[in-house]
Each structure stands twice: as structure tokens, then as C-alpha cells.
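Asker:
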Amino acid sequence: MARPERPQEYYDQIKDKFREQRDLRLGYRPPGTDQYTSDFSGGLAKYAIDPYAKDVPNREPISDEVEVLFIGGGFSALLTSARLRERGLESIRIVERGSDVGGTWYWNRYPGAACDVVSYDYLPLLDELDYVPVNHYSRGPEIFSHCQSIARKYNLYDLAVFNTTVTETRWDEAEQLWHVQTDQGDAMRAQFVICANGTLAKPKLSAIAGMESFAGHSFHTSRWDYDYTGEHLEQLKDKVVGIIGTGASAVQIVPELAKTAKEVFVFQRTPSSIDVRDDWPTDPNWARKLKPGWQQKRREKVLAAVENSLEKRAAKGATSPEEKLRKQENANIDYMMRIHRRIDQIVADPATADALKPWYMFMCKRPCFHNDYLPSFNLPNVHLVDTKGQGITQISTKGPVFDGKEYPLDLLVYATGFEVQQTGIYNDIVGEGGVNLQDKYAHGIRTLLGIHTAGFPNLFIMGGYQASFQFNLTEMLQTQGDHIAACIDYVRANGHHTLDVKDAAEEWWVQNVIEHRGKTSRSEECTPGYYNFEGNEQRRQDGNYNGGFRRYFEHQGQVRDKMEENFHLAAKRT
Ligand code: NDP
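Written out as C-alpha cells, the structure reads:
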């Protein structure tokens, strides 16, 4: 249906309101990303405890050598390992902080956890595992179990080490191996190390005055304490529960709390945009007809679709860049106003409905999809505490305090998110000449494809900055995994021992990232959030590559076509 024509003034007024709401928030939180803490020491140590690791057995420290060592056991490690196995790699070790593989899906077991990307695209290696997901959108337990199936299929449990955090990864120049130390006293060695520590892995808490004094129970969404809540939240029926944050995690949790808890207080700083979630069970007739290799074909179609839309856009070349931007912005505003109307249709109380309306451009924050979140606010036991952009700034022994009012709680859940795309989150990475990766990055991130960084031979980074970013993250990670496996294969097949990116190749990519990030001021215009570094000024190279996924994928292939040109490759020194 054609959109009704509206005068440009209509859109400009809405953009003014977006600006006003952004400025209000920036005014409340000058510290930017520093408003959060993920230093869980002292009084905050309990927030780091893994509630899923029960009866962890003691083990002797390990001091052996493997060919490939992964730091982290989520999709990055699993996807790359599958490709390495296909290429004949035998000694592969995953070192993982949790007590199993799964990464995000190991940690995020909160009630209602599910993925917003269509399961047939999100769940990787479906051809290889001959598996068809149960629903159009997968729930958390199915995804976690799929991760375990991948680890079993590719024999990744054999050498894996769990409940272990890598603390230092140091290049030993004499041995030309990585020396990997852990919090369990291990001193392992590896020819290749892959930083597979995830894009949103380390939980963060909003640093709120008095939070350590809270006398009730509390935890972060990624450390859900089922001993306290009961497996089906049945132990919350006489409990008053509060949740701080209204991002994608909270949007899935609130409806579950609403069904079971005595009272639920949702402390909101900025509302999420909530659209319909069109889910259904997989049609068995469709599943039966799938031919081997169906997922690969589906992936190829996605890439081709990106290409087609690029061609279409090029064909529209007659439109000026300003006109294109205006049209895109207006379409985004139309989408957000539809989201507003949906809220009015669902939420009965007009004041609550108004407070739930997001005033920012589509995609300034991660869009959410849920059918039960908004209706939860019609239930008598659910209360929205809208802090109008300010957020909770004080917590007493009894609970959060806002506008002079104290909210006494039994349980407080922090749905306050994660550190974003940090390489080596718990781990010091030290390359050639004793250079620490963080020191190298101090004047700006420097990589080739977000994967290789000069002076750190045989080290690969997954899910970090300077790579492309995809809503379907596994698709992006699969291309990185394929690339890394091909690089390692090249080194082995050609009698080399080390691979280190050349400075010129690294510089070419840094400039490529800068060029593509310089094209839009959109991020500055957005309301603060993790997509725009909470409104902090950011060097242009310290973000994702914005040249598009298709182009990122093609660049990977071009880099591999010229291995000798892009990398220093050397045999083992004797
Ligand atoms: P987010 O970082 O998206 O959200 C954090 C929330 O905490 C925001 O609403 C933020 O408000 C709020 N907040 C922070 N400090 C305060 C405060 N002092 N008072 C009140 N509110 C506060 O974290 P999530 O864990 O929700 O999501 C992280 C990402 O994980 C998602 O963006 C998504 O990529 C992924 N994810 C995907 C899911 C899926 O596929 N369905 C499900 C869950 C997560 P403000 O907006 O004002 O900063």
C-alpha cells in the first residue's frame, strides 16, 4: 500500500523531537560509556558468578601444545572449528569461561530467551548437521543444544577446557608459539590463537549510587539464578521484582515475569521499538522436501539479494545523495510512527502508552520484536516506572529510588547489557616485541578485515571492530571462520609456520574503514546507546566496517587471492 503523502514539515517536526530527546539523555549522562562498570570485583563480585556451573571438578594445570587454540567456545569457535576439521586440523582446543560451549546461548538462559533472526538463517551448519529448526524463530535452549551438537560432531569436547578464563596470551619469539595462561594455572602453547570471545560477552552494570547496599536478591540477565526464581519462576509468586533496562533482553523477560511474579516494576530510561514477532512451527512438509545443501543455497540467495539491491540503488543514480537520505529518513520516521500507533492500539492506559513510545530514528537502537511485551503493561501486577531519559541513579537497601520515591523489591534484575566488541576481554594479548594489543590500539584500532593485526603473528580476531556487522551475526562469523580456516590451511599447505599481516595491507584496510564510516553523521544524531558508543566521540576507525556485508565478503576473498602480497609468511626458525 502506498504511504500517504505528508508534507516535509511533518517529518522535520518529528526530527526536532528526536533531537530534543537525544539531547535530554546526553545531558543526563556525560560519562558516556563510563556510566557502566564491568569490573566485578569487591562488592560486585557476585555478579560474575556462573550460576550454571555446578560441582566443577578440580583439575591439574595443563602445559601442552596444540595447533589451534580458541579463546571462547561460542559460535565463532564452533563455526571456525568445523571448517578447520574439514581441512584436516586435528589438535583444536577451546578454552571457555563457562562450563560448556555455546557462548551467548550458554550464558543467556533467562526466561523467554529467543533469537530474532529467522532460525533457518541464524542456526549455522544445518546442512552439515542435517537439522531443521523446530520454529521459524529459535528459542534459547534449542540454540544452546545446537551448539553442543556442533561440538560433538566435530569432536571439540576432546581437548576443550571449561570453567577457565584466559588471562594472558603472549607471543614467544624464541619458540614462535603463543603462550596462553589461565586463571587455573595453565601454561598452554599453541601455533595459532583465535580470539573468539564474542561480541557482547562481558556483562556490564549501570554504575548506580548505593547499588552494593541493596539488601534483596539481584543478578544480571546473563546470570539468571533459577535457584532463586524456580525453573518456571514459580518461586516469584509472592515476590516483588524490579528490572532495570528495557533493551532486547528485558523485552523478552518482562512478559515471563508478568505471568508469575506478584508485582513487577520496569525501570525504563529509553523505550525500545517493539514490532510484531511473526513466529510459527516449522511446517513438516516443507522440512521434508528440503534437499541437501538447502541452507547454503539460502545463504547464497541472501548475498545475491544484497547485490541486486545495490544494483537497483545504482540504477536510481539520478536521485541526489541528499534526496536519497531525506527519503530514507522519512521512511524510517513512518516506521517509527507505525510503532507508536501499535502501542496506542495495545496499551490501555494512555499515559503508559505515551511513556512506551520511542522517539528516535529507526535503527538508532536495536529494534525488538515481541507479541507479549506491550500487553504486559495492561496487567494489574506490572508497573512502568518511566524515568524520562534520566535512568535510575540511586539504589537504597530496599530498592531503586526515583523522583524521591523508593521502590522496595525482593529481586532486582539488571538488564543493562554487555561490553561491545572488545577483543581480549579478560585477557592481556602481548605480541612481538612485548607490545600489548591495547597499547597498539591506543591511537586507533588497526587491523586487516578486523581479523589480522600486524605484530601479532598467527593471531586471528573474530567479532571485533573493523569487520562488517550483520543483524544475522552467525552469517558474518561464518565468513570470518571460513577465511581463518583458509589462511591456516594456506600456511600449513605451503610449509610455512607463521603468518603476519604486512603494514601496507593493514593501512589499506584502516583507510577503507575510515572512508566508509565518514559518509554519515547518523550515529551522532542518534539517541545514546551502545550502537553509537553512548554518544562518546569516537575515532572513525574504531567501529565497524560500513562498506556493506557483500563487499566485506569479497574483500576477504581478494585478500586470500594475494596471500604473499598481504602477509609475511615464514617457515619455523630452527
Ligand atoms: P542493551 O544494552 O540493549 O540495553 C541496556 C538497557 O539498560 C537499556 O534499555 C538502557 O537504557 C538501560 N539502562 C542502563 N542504565 C540504566 C539506568 N541507570 N536506569 C534505567 N535503565 C538503564 O542490553 P540487552 O541485554 O537488552 O541487549 C544487548 C544486545 O543483545 C541486544 O541489543 C541484541 O543485540 C542482543 N540480544 C538479542 C536478543 C534477540 O535476538 N532477541 C535478545 C537479547 C539480547 P538506554 O537505552 O537509555 O541506554
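Residue numbers for the sequence shown follow the working numbering, so the first one is 115 and each next one is one higher.
Cβ coordinates follow ideal geometry from the N, Cα and C atoms, glycine included.
Whole angstroms are fine: how far does the CA of L239 sit from the CA of Y220?
Answerer: Roughly 18 Å between the two C-alpha positions.
Asker: Quick one, which of P121, Y540 and F516 has its alpha-carbon nearest A162's?
Answerer: When only C-alpha atoms are compared, the closest one is Y540.
Asker: Where do the ends of the beta strand (DSSP E) carrying I308 lie?
Answerer: Residues A301 to C309.
Asker: Could you name the residues of the same chain whose beta carbon sits closer than 6 Å to that of I575, not counting the 5 residues immediately before and after it, in chain order?
Answerer: Excluding positions up to five away in sequence, the list reads C309, T537 and I565.
Asker: What I want to know is whether the C-beta of G359 ends up closer than 7 Å to one or more non-hydrogen atoms of the ligand FAD.
Answerer: The model depicted lacks the ligand FAD and carries the ligand NDP instead.
Asker: What is the rounded straight-line gap between the Cα of A685 and the Cα of N608?
Answerer: The straight-line gap from Cα to Cα measures roughly 9 Å.
Asker: Going by DSSP, which residues form a beta bridge with S332?
Answerer: Answer is L526.
Asker: How about I176: is its Cβ closer than 7 Å to a heavy atom in the ligand NDP?
Answerer: Result no, Cβ not under 7 Å from the ligand NDP.
Asker: Cβ-heavy atom distance between I506 and the ligand NDP below 7 Å?
Answerer: Flag set: Cβ of I506 near the ligand NDP.
Asker: First and last residue of the alpha helix (DSSP H) that includes Q625?
Answerer: Element bounds for Q625: D617 to R631.
Asker: Based on the DSSP output, what are the partners of A323 in its beta bridges?
Answerer: A323 pairs with Q508.
Asker: Excluding the 5 residues preceding and the 5 following A568 in the sequence, name in chain order all residues of the same chain whose CB lies nearer than 6 Å to its CB.
Answerer: Here the set comprises V615, D617 and E620.
Asker: Strictly by DSSP, which residues pair up with C229?
Answerer: C229 is not bridged to any residue.
Asker: Can you find the residues in the same chain that come closer than 6 Å, C-beta to C-beta, to V355, ignoring five residues on each side of it along the sequence?
Answerer: Correct list, in chain order: L371, A375, V378 and L525.
Asker: For M677, I'd like the list of residues in its chain whose CB is within less than 6 Å of its CB, leaving aside the five on either flank, ordered along the chain.
Answerer: Excluding positions up to five away in sequence, the list reads Y604.
Asker: Exposed or buried, S155, counting other C-beta atoms within 10 Å across all chains shown (16 or more means buried)?
Answerer: Label assigned to S155: exposed.
Asker: Does the segment 199-215 come close enough to the segment 262-274 to have 3 or more Cβ pairs within less than 8 Å?
Answerer: The answer is yes - the segment 262-274 touches the segment 199-215, with three or more Cβ pairs under 8 Å.
Asker: Does the Cβ-Cβ distance between I509 and G359 come in under 8 Å?
Answerer: Not in contact: I509 and G359 (Cβ atoms no closer than 8 Å).
Asker: In this structure, does DSSP put E256 in helix, strand or coil?
Answerer: Helix at E256.
Asker: Just reading off the beta strand (DSSP E) that V170 is part of, what are its end residues?
Answerer: V170 -> no beta strand (DSSP E), and no H or E assigned at all.
Asker: Taking I543 and N550 to be in contact with their CB atoms under 8 Å, please state how far apart those CB atoms are, rounded to whole angstroms.
Answerer: That pair is a contact at about 7 Å.
Asker: Use the C-beta contact count for P369: other C-beta atoms within 10 angstroms, 16 or more gives buried, fewer gives exposed.
Answerer: Looking at its Cβ environment, which holds 16 or more other Cβ atoms inside 10 Å, P369 is buried.
Asker: Could you check whether V499 and Y521 sit closer than 8 Å to each other, using their CB atoms as the reference points?
Answerer: Taking 8 Å as the Cβ cut-off, Y521 and V499 qualify as a contacting pair.
Asker: Is it right to say Q670 is buried, meaning 16 or more other beta carbons lie within 10 angstroms of its own, or is it exposed?
Answerer: Q670 comes out buried.
Asker: Anyone know if the C-beta pair for F491 and I506 falls short of 8 Å?
Answerer: Not closer than 8 Å, so no.
Asker: Can you give me the start and stop residues for the alpha helix (DSSP H) that F132 sits inside?
Answerer: Unbroken alpha helix (DSSP H) run through F132: Q122 to Y142.
Asker: Any chance the CB of D486 is under 7 Å from a heavy atom of the ligand NDP?
Answerer: Not so, every heavy atom of the ligand NDP lies at least 7 Å from the Cβ.
Asker: Cβ-heavy atom distance between F132 and the ligand NDP below 7 Å?
Answerer: No, Cβ of F132 sits at least 7 Å from all heavy atoms of the ligand NDP.
Asker: Taking F328 as the reference, give the member of G157, D393 and S233 with the closest Cα.
Answerer: Of G157, D393 and S233, the residue nearest in Cα terms is G157.
Asker: Please confirm whether any heavy atom of the ligand NDP lies closer than 7 Å to the CB of P640.
Answerer: The sequence as given places Cys at residue 640; Pro does not occur at that position. It does not: the Cβ of C640 is nowhere closer than 7 Å to a heavy atom of the ligand NDP.
Asker: Just to check my reading of the structure: L613 and P642 have Cβ atoms closer than 8 Å, yes? What is that Cβ distance to the nearest angstrom?
Answerer: At roughly 39 Å, the Cβ-Cβ gap does not stay under 8 Å, so L613 and P642 are not in contact.
Asker: What distance in whole Å lies between the Cβ atoms of I185 and V307, which are believed to be in contact at a cut-off of 8 Å?
Answerer: Between I185 and V307 the Cβ distance is about 7 Å, and since that is below 8 Å, they are a contact.
Asker: What residue range does the alpha helix (DSSP H) around I447 cover?
Answerer: Here the alpha helix (DSSP H) through I447 covers P435 to I460.
Asker: Who pairs with P238 in a beta bridge, going by DSSP?
Answerer: The partner list for P238 (beta bridge, DSSP) is empty, contrary to what the question assumes.
Asker: Out of curiosity, what's the CA-to-CA distance linking Q122 and Y666?
Answerer: Rounded to whole angstroms, Q122 to Y666 spans 35 Å at the Cα level.
Asker: If you run the structure through DSSP and keep just helix, strand and coil, what is A372?
Answerer: DSSP places A372 in helix when its eight states are reduced to three.
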